[in-house]
Amino acid sequence: MTRDLTRDLTRDAGTGGAPPGPTSGDARAVGPSTVGPGADPSGADHSGRPQADRTGTDRPDPAETRRRAALPLHLVHDDARHGVALYARQVAEALGARVLVGTPADAVAEARRTGADSVHVHWTDRLFGDSSAESAAAVVALAAQVPTTLTLHDVPQPWAGEDRAAAYAEVVRGVRTWAVNSHHEADLLAGVLDRVPGASAPGALRSTVVHLPVVPLDPVDPADAASAAEPGDGAVPEAPAGRVRLALLGFVYPDKGHRELVRAASALAEEGHDVEVVALGAPVAGHDDLLDELAARARTGGVGWRVTGYLGDADLAEWMRAVDVPVTGHRHVSASGSMNSWLAAGRRPLALDGPYVREVDALRPGGFRLYDDDSLVDELRAALADPSRTRAAADDLRPLLSDTARTYAAWWAGVHRALPHPPQPVLEPW
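Below, the structure written as structure tokens:
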């Protein structure tokens, strides 16, 4: 299986091209945890055979069947290369939850067919519609018919357009409650609600933060990532003797940090270094002119410039372990899966200081080397002089995907609980 080249799961998310437009409307079932016409929501696998329980018998474990039945149906967008869709599938599969690949309208029909009590959607206004308003309207229509929770991605920055802010305000007003991927995103969402006239969020008291996990770069487990951090044989072209490679991971678009890295690389080139800047990813549609600009800047500065385009799992992992210095330089990041991907590859990237970066640096101490605009060149020099500075992962990479799955399961148990509060106790006098 090939995945999103970046595992970027939020604003710096996705792969290979433009954000997806609306789907065709055809719900698809793929894989053992996916439901669709004829699928068994009780947990039988795609072959039709019941799953064995922990005792090794052929009977499904009743407790496991009840646990899975209590999870919401997971609606996943059909663009398998989009980072948000990838993450939605990863979480659902880690939970053993039912997955529907399709549209919000498909989810309504599927919930009615199977009796699903609720639906969960990983949502950004770049999915399920040609515009922010259309995407929001589709989710609100779903939530009006089936209890719906969301994980919000790409939460608008304070300077983002009013149409995006209005869309996010509309969806949080329409759903039961929501999760975000960082406390920084929660702050941004609060700002959205403050600036949209009449915005309200009745589900706010049950909202939560679920940090993005470190997901293994197949076939290496994060626990073994440090030992696997050295480059090996594979898809990475051999660099000329003496050349060093600096890399950014993810879609190429403005404010991702490519301009700043090319400028810093030019300063190293003036000092006599043979430097190449590598963009591990593809340009966002509509930004091909940025590639021309970056290539021209690199030539002027005496720096090599390479764009890999989409990479499958194995090639991506090989590149991430081979480059000399990993950098994550997004100037307005609210949550980022690519930062975690560097950790999974056994790397400690240079990370541009900011609210989100400080949050995840506190979450995984030692995972990143923070820099600002004035210190980037110095940090690059230090990393080239001592490669071990960027070839060791954090001591504790949690939360991993299994941790994230448990957090979601506990959250949904509270959000969707139907049991009444116990009555006030009556204490008989002695």
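Heads up: the sequence shown begins at 611 in this note's numbering, then just goes up one per residue.
Note that beta-carbon positions come from the ideal geometry of N, C-alpha and C, so glycine has one too.
Quick one: what does DSSP say residue i is sitting in, helix, strand or coil?
i        : result
Val-825  : coil
Tyr-981  : strand
His-758  : Here residue 758 turns out to be Thr, not His, going by the sequence shown. The answer is strand: DSSP assigns Thr-758 an E or B state.
Pro-694  : Reading the sequence as shown, one finds Val at residue 694 and not Pro. It is helical.
Gly-1024 : helix
Glu-886  : strand
Ala-747  : helix
Ala-707  : coil
Trp-952  : helix
His-684  : strand
Ala-961  : strand
Val-732  : What sits at residue 732 in the sequence shown is His, not Val. Strand, per DSSP.
Val-802  : helix
Gly-712  : coil
Thr-1014 : helix
Ala-857  : strand
Thr-818  : strand
Trp-929  : helix
Pro-893  : strand
Thr-918  : coil
Val-781  : helix
Ala-874  : helix
Between the C-alpha atoms of residue i and residue j, what's the straight-line distance to the nearest angstrom?
i        : j        : result
Arg-865  : Ser-944  : Per the sequence shown, the amino acid found at residue 865 is Asp instead of Arg. Cα-Cα distance, rounded: 13 Å.
Pro-807  : Val-709  : 36 Å
Gly-860  : Asp-923  : 13 Å
Val-846  : Leu-890  : 11 Å
Val-917  : Arg-1016 : 37 Å
Val-802  : Val-885  : 42 Å
Thr-1000 : Ala-954  : 13 Å
Pro-565  : Gly-712  : There is simply no residue 565 to check, as the chain begins at 611 and stops at 1040 in what is shown.
Pro-685  : Ala-717  : Before going on, a small fix: residue 685 reads as Leu here, not Pro. Approximately 7 Å, taken between the alpha carbons.
Arg-941  : Val-854  : 24 Å
Ala-690  : Trp-733  : 14 Å
Gly-939  : Ala-851  : 27 Å
Asp-1005 : Glu-795  : 25 Å
Leu-1011 : Leu-705  : 9 Å
Ala-726  : Ala-707  : 11 Å
Leu-1007 : Glu-1038 : 52 Å
Pro-812  : Val-782  : 8 Å
Asn-791  : Leu-762  : 8 Å
Arg-991  : His-897  : 30 Å
Phe-978  : Ala-972  : 10 Å
Ala-879  : Asp-983  : 18 Å
Asp-902  : Tyr-863  : 12 Å
Ala-743  : Glu-848  : 47 Å
Asp-963  : Gln-755  : 43 Å
Ala-877  : Ala-770  : 33 Å
Asp-740  : Glu-720  : 23 Å
Gly-947  : Gly-867  : 16 Å
Ala-906  : Tyr-697  : 35 Å
Ala-993  : His-692  : 32 Å
Can you have a look at residue i and say buried or exposed, based on whether 16 or more other CB atoms are within 10 angstroms of its CB?
i        : result
Arg-678  : buried
Thr-787  : buried
Leu-815  : exposed
Ser-810  : exposed
Thr-910  : exposed
Arg-958  : buried
Ser-657  : Confidence at Ser-657 is low in this model, with a pLDDT of 33, below 50, so its placement is unreliable and no value can be given for it.
Asp-804  : exposed
Gly-976  : exposed
Gln-700  : buried
Asp-773  : exposed
Arg-736  : buried
Ala-1023 : exposed
For residue i, which residues from the same chain have a beta carbon less than 6 Å from its beta carbon, with the 5 sequence-adjacent residues on both sides left out?
i       : result
Ala-857 : Val-888, Leu-890, Val-933, Pro-936
Gly-784 : Val-750, Ala-753
Pro-823 : Pro-1009, Leu-1010, Leu-1011, Thr-1014
Ala-908 : Val-872, Trp-915
Ser-728 : Pro-682, Pro-757, His-1026
Ala-680 : none
Leaving aside the five residues before and after residue i along the sequence, list all residues of the same chain whose C-beta is less than 7 Å from its C-beta, in chain order.
i        : result
Phe-738  : Pro-632, His-687, Thr-713, Pro-714, Ser-745, Ala-748, Val-749
Ser-817  : Thr-787, Trp-788, Ala-789
Glu-780  : Ala-746, Val-750
His-793  : Val-819, Glu-969
Val-731  : Leu-685, Val-749, Thr-758, Leu-760
Tyr-1018 : Val-701, Leu-705, Val-820
Leu-980  : Ala-961, Asp-963, Val-967, Asp-971
Could you tell me how far apart the beta carbons of residue i and residue j are, in whole angstroms, since I believe they sit closer than 8 Å?
i       : j       : result
Leu-799 : Val-820 : That pair is no contact at about 14 Å.
Leu-904 : Val-872 : 6 Å
Asn-950 : Val-825 : 7 Å
Ala-874 : Val-694 : 30 Å between Cβ atoms; not a contact.
Near residue i, what residues of its chain come up, given a Cβ to Cβ distance below 8 Å and the 5 sequence neighbours on each side ignored?
i       : result
Trp-952 : Leu-859, Met-930, Pro-936, Thr-938, Arg-958, Pro-959
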